[in-house]
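Anchor point for the sequence shown: position 54 equals 106 in our numbering, and the numbering is continuous, going up by one each time. Cβ coordinates follow ideal geometry from the N, Cα and C atoms, glycine included. Reading through the structure tokens given below for one structure.
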Amino acid sequence: MSADQRPHAVRFSLLADLCYQLGERQQCASMLVHPRAGEAVLWVPERAWPRKWLGVAAVDHRGRWLYAFGGQWCMAGDVAETAARVAWAVRAR
């Protein structure tokens with residue numbers, strides 16, 4: 053990511069990368085929502101019924117990007133590790 057990217061574009065790009073990793077590596081469905089007003093969020097369905105959704109956000113914390121979900125956080129640079137943790141979180145519920 054270049055330093056000149058707007059935070060909204062960086063956030064969307066990070067969540068898109070995670071969305072792809074969840075599908076390709078974890079066989080886990082997810083839905084990237086890009087509202088007209090507001091910030092993008094990645095929704096991942098839990099396997100349990102009734103269906104609930106885990107929201108994943110990309111946040112800038114003191115100049116470092118993090119993924120935040122379900123009371124947890126991961127460094128944005130490790131997409132594969134984050135995908136594994138998110139997939140585990142939705143399968144364990």
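**Prompt:** When the Cα of Pro106 is compared with those of Phe121, Asp112 and Ala100, which residue comes out closest?
**Reply:** The amino acid occupying residue 106 in the given sequence is Leu; Pro does not appear at that position. Sorting Phe121, Asp112 and Ala100 by C-alpha distance to the C-alpha of Leu106 places Phe121 at the top.
**Neighbourhood of Arg103 by C-beta, 6 Å cutoff - its chain only, sequence neighbours within 5 removed** = Around Arg103: Pro97.
**Prompt:** Mapping DSSP to helix, strand and coil, what is Pro97?
**Reply:** In this structure, Pro97 counts as strand in the three-state DSSP scheme.
**Message:** Within a Cβ cutoff of 8 Å, which residues of the same chain sit near Arg116, ignoring the five residues on either side of it in sequence?
**Reply:** Within the same chain, Arg116 has close Cβ partners Met127 and Ala128.
**Option in Trp125, Cys71, Pro59 and Leu74 with minimal Cα separation from Gly90** = Ranked by Cα distance from Gly90, the options Trp125, Cys71, Pro59 and Leu74 are led by Pro59.
**Request:** Would you kindly report the start and end of the unbroken beta strand (DSSP E) that includes His60?
**Result:** Careful: His60 lies outside any beta strand (DSSP E), inside the alpha helix (DSSP H) at Pro59 to Gln78.
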